[in-house]
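Using the UniProt record's numbering, read the sequence shown as starting at 1 and increasing by one per residue.
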Amino acid sequence: MDIPKWKLDIVNQLLLRDQQQAHAFEDLIHHYGSLRSGISHLDQEKNRYEQELKACRQEVSTLTSKLEMSCAMKSYDYEQKVFRLQEEVTDLHRQKGALAADVIELSKAVQERDRALASSNSKLTELESNLKTSHRTINNLTDKVHDLDRINKLIMDEKFAMDMTLKSLEEKNREIEEDKQKLLTRVAELQETIQELRNIEHDIKYRKNQETIRKNLAEAASVVVDINEPDYLEASPCIRSVIPQKALMKIDANDGEVNSVRFTPSGNMFGSAGFDRKLRLWAITDNKCELRSTLVGCNAAVTAIDFDPHETVVLGASSDFSCRVWTLNDSRLRVNLTGHSERVVSAKFMSSSNRIVTVSSDRTIKLWDVERCMCKRTIMATSSLQDVLACGPLCAIITGHFDHKVRVWDERTGAVSTEVAVCGRVTGLDISSDMRQVLACTRNNTLEVVSLRTNKVCDYLTAEGFRVGLDIVRPCFSADALYAVAGGQDGCVYIWNRQTRQLEACLQGHSNTVVCCHWSPAGHMLISCERTNKAILWGDS
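So, in structure tokens, the structure goes:
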């Protein structure tokens, strides 16, 4: 059986360590051996000399006795010889002491080496234990790798099957896309044909309207007109409005905060919408409000509502980037118009139920064809949009902006035809029934009336205590445009007289900021909603 590489590496490392450590003390051990040999030799010499000394002493004692008997001169020679031998013995003792000191030092060095060797052995034991642990870990990881290999193989097989399925689906999708492209091409051709026919129809109507306007201008040219005459003295299709005196009924308009409220053109019904994503329709009978139906379908808060002139459909703008159209007779959702990239702030019908204008926080104005469920034109705005109005006689779109401007757009070209500066950020707009004045509410706590004839601000309406509490507050004209109304931060509904430019009435009854209000087209009722879900129907009796 082959020895694993890691075992050979460890053995080689141990041999290398032994060689390095042995080489470091090789001279010391060799010197120690030499000293031991020298000590042994000296011990032998010492023993030999001691034996010789003993023999010499014996010989000396013998000779001494002989010399004593023989000759005094010979005794002196022997004494000298003994003296020399004693000196040699002394030298040998001195050498023996030095060698003993060397032996002690070498013994200490050997003990230190033994301790180092014991420490190395302890580390080696620890490393061997770690090595065994590593072996177990390697075995566990090897098992996991094998398991992962099996799982990976299964995944690769599944991926191959999915790739085959994907190729098949892509082929089917390609065929469907080709069919779709052919159908789109055909639809585009048909739409171009329809558009050409509609353009021809529009040109005919436009020429007829121009001819009618030309005749009217010719007739009006003979009449002397005072241009300083206030707009509110012009003819109005309704009777004089009556200022509400009391609250006829209080209702919970929606389940959450209310964003918009509006009467139908007949004034027999009004709609409310808010954060509960529902649009509720209320019927008015004997000065009482009864819930007629609840329209659903929005995925976020409803920001604005509007009714078409014939009361067949209702429009709702939503924070889910779209607007929707419901029919009033069966309360069913008919159209869902999508295309904005942010919440739709406001939406209005443009003289008919088939044309809609919307404004969004994405700073775009979109004109929609409801019948074809498509956007006919997109207009880019330079400032954030707060509200929108449609003025059919002028073929214009009127928008209020964050940059203190009211802009009038030509719906045919998408260009700004007029720009009027106001005192603050616009929070809401309303247009008079004769389509000649625009009411703008601003964060400067002011209502400003803009004349579409002179394209200037003709009235400034303020009052002590009137504060605009939110960025979205919808004001409104009375049905005859003689009064202007807006809700305040203190929960009051403020009504101004256009003739005197003074505050005519202040209706109290709300407990929170009044967000929106609308005057009945009949001129005798007013509906207002506060930031919470409370709505109040005001009347004169």
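We treat Cβ as the ideally placed atom computed from N, Cα and C, and that holds for glycine.
Remember, predicted model here, so these are calculated numbers, not experimental data.
- Nearest Cα to A535 within the set R84, H41, L248 and M350: L248.
- By the beta-carbon neighbour count (other beta carbons within 10 angstroms, threshold 16), P521 is buried.
- Boundaries of the beta strand (DSSP E) harbouring R334: L333 to T338, taken from the DSSP string.
- Distances from the alpha-carbon of W326 to those of N268, E290, D276 and N354 put N354 closest.
- The three-state reading of DSSP puts T500 in coil, since its state is none of H, G, I, E or B.
- R498 counts as buried, since no fewer than 16 other beta carbons sit within 10 angstroms of its beta carbon.
- Membership of C516 in the beta strand (DSSP E) is indicated by the continuous run V514 to W519.
- DSSP, read as helix, strand or coil, puts G400 in strand.
- A straight-line Cα-Cα distance of about 27 Å links F466 and E419.
- Around the Cβ of H524, a 10 Å sphere holds 16 or more other Cβ atoms; the residue is buried.
- In this structure, S360 sits near V344, with a CB-CB distance shorter than 8 Å.
- Burial state of H510 is buried, judged by a 10 Å Cβ sphere holding 16 or more other Cβ atoms.
- Burial check for R531: the Cβ neighbour count within 10 Å reaches 16 or more, so the residue is buried.
- Under the three-state reduction of DSSP, I379 is assigned to strand.
- Ranked by Cα distance from S241, the first of I495, S341 and L394 is I495.
- By the neighbour-count definition (other C-beta atoms within 10 Å, threshold 16), Q19 is an exposed residue.
- Separation of Q502 and D480 (C-alpha to C-alpha, rounded to the nearest whole angstrom) is 17 Å.
- Its Cα nearest to that of A100, the residue G38 stands out among G38, S260, S451 and A347.
- Taking all protein chains shown into account, P309 has fewer than 16 neighbouring C-beta atoms within 10 Å of its C-beta and is therefore exposed.
- The Cβ-Cβ distance between W538 and F477 does not fall below 8 Å.
- Annotated three-state conformation of E411 is coil, per DSSP.
- Under the 10 Å beta carbon count, Y460 is surrounded by fewer than 16 other beta carbons and is classified as exposed.
- For C289, the uninterrupted beta strand (DSSP E) run begins and ends at K288 to L295, by DSSP.
- Cβ-Cβ separation between W368 and L337: approximately 5 Å, consistent with a contact (criterion under 8 Å).
- Rounded to the nearest whole angstrom, the CA to CA distance from A301 to R407 is 26 Å.
- Straight across, the Cα-Cα distance linking G487 with S528 is about 8 Å.
- Counting other Cβ atoms within 10 Å of its Cβ, T303 reaches 16 or more and is therefore classed as buried.
- Around the CB of G33, fewer than 16 other CB atoms lie within 10 Å, so the residue is classed as exposed.
- Counting along the chain, S266 sits inside no beta strand (DSSP E), nor does DSSP assign it H or E at all.
- Bounds of any beta strand (DSSP E) do not take in D255, whose DSSP letter is neither H nor E.
- A direct Cα-Cα distance of roughly 16 Å separates N47 from G97.
- K366: member of the beta strand (DSSP E) spanning T364 to D369, first to last residue.
- Taking all protein chains shown into account, Y483 has 16 or more neighbouring C-beta atoms within 10 Å of its C-beta and is therefore buried.
- Bridge partners of Y76 according to DSSP: none are assigned.
- P393 counts as exposed, since fewer than 16 other C-beta atoms from the protein chains shown sit within 10 angstroms of its C-beta.
- Collapsing the DSSP output to three states places R277 in coil.
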